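Numbering follows our numbering, in which position 65 of the sequence shown is assigned residue number 65; successive positions increment by one, without gaps.
Note that the Cβ used here is the ideal one computed from N, Cα and C, for glycine as well.
Source: prediction; values computed, not measured.
Only one structure is covered here, and it is reproduced in the block below.
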Amino acid sequence: MSELPTPAASAQPSLTDFASFYLYGLTNNPYQQSTDLGKFGQLYNLVIGEHGGVGLASSFHPYQLVNQAGVTVWYAAYAQLYAQPNRAALFEAMADEQARFVVAPPASFSEFHVWPDTRLTSVENPVFSHYIPFVLPFLVRKGPAALRWDAELAAAEGDRARFGQYLDAVNEAIRFVQPAPGFVLGFGEFNEQEPSQLIERFMDIRPTLLTR
């Protein structure tokens with residue numbers, strides 16, 4: 001990860017200049033943190049690639065991604081960058097040099113806030129008390145290049161074994177913040193207007209989990 005750049009004049013982007021991506025998977029402990037910036041950098045490069053942005057120094061249960069005030073962890077990451085006195089240079093470095101940073105989310109995101117969509121609660125779906133959903137978020141500066149995940153998926157051309165090798169590498173790369181038995185199911189973009197799309201990703205795997 002880069003160090004914070006020195007101040008410079010630059011137009012400061014809004015949150016709409018960023019995309020809210022995430023890895024999602026299953027684990028026995030969804031809320032875990034790490035201070036290993038190097039490992040976060042390696043994971044960011046492996047999943048996102050040549051795009052400036054921010055890794056959040058924590059994994060989360062989906063019901064921790066939006067706090068009681070309706071603020072997402074991605075917005076909180078953007079706000080932390082914006083609060084820096086040298087934010088203009090910081091944002092410029094992400095656009096011009098594909099700089100990557102890591103921020104620790106506020107402690108308020110340790111609390112669970114069940115959305116109106118309750119399908120991931122253990123009461124509604126007990127299987128998710130054993131196979132517990134987790135999310136690793138990335139706030140990414142938008143750009144024309146494909147994300148590394150998408151590029152690897154396209155290069156596999158439908159060959160599950162070939163893409164599986166890449167997925168194995170991603171699973172190995174998350175071990176510093178999501179150790180075994182945690183594993184990645186996929187990658188997506190969070191839509192604040194339709195947050196239940198994230199819930200659907202876990203519901204899609206539910207029938208398979210029920211047969212285990």
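For Glu92, does the three-state DSSP call read helix, strand or coil?
-> Taking the sequence shown and counting its residues from 1, one reaches residue 92 at position 92. Helix at Glu92.
Pull up the CB-CB distance for Leu46 and Ala173, whole angstroms please, since I reckon it's below 8 angstroms.
-> Here residue 46 corresponds to residue number 46 of the sequence shown, with the count starting at 1. Here residue 173 corresponds to residue number 173 of the sequence shown, with the count starting at 1. That pair is a contact at about 5 angstroms.
In whole angstroms, what separates the C-alpha of Ala77 from that of Leu209?
-> Locating residue 77 in the sequence shown gives position 77, counting from the first residue. Locating residue 209 in the sequence shown gives position 209, counting from the first residue. Each residue's Cα considered, the two are about 33 angstroms apart.
Is the segment 138-155 in contact with the segment 16-23, if contact means three or more CB pairs nearer than 8 angstroms?
-> Output reads yes: the segment 16-23 touches the segment 138-155.
Give me the Cα-Cα distance between Tyr82 and Ala107, rounded to the nearest whole angstrom.
-> Within the sequence shown, residue 82 is the residue found at index 82, counting from 1. Within the sequence shown, residue 107 is the residue found at index 107, counting from 1. The C-alpha of Tyr82 lies about 18 angstroms from the C-alpha of Ala107.
Assess, as a yes-or-no matter, whether the segment 59-69 is touched by the segment 188-201 under the definition of 3 or more beta carbon pairs within less than 8 angstroms.
-> Three or more pairs of CB atoms, one per stretch, sit closer than 8 angstroms, so the segment 188-201 contacts the segment 59-69.
DSSP three-state call for Thr16: helix, strand or coil?
-> The count along the sequence shown starts at 1 and reaches residue 16 at position 16. Thr16: helix per DSSP, three-state reduction.
Compute the distance between the beta-carbons of Gln12 and Phe91, then report whether it is under 8 angstroms.
-> The residue given as residue 12 occupies position 12 in the sequence shown. The residue given as residue 91 occupies position 91 in the sequence shown. Taking 8 angstroms as the Cβ cut-off, Gln12 and Phe91 qualify as a contacting pair.
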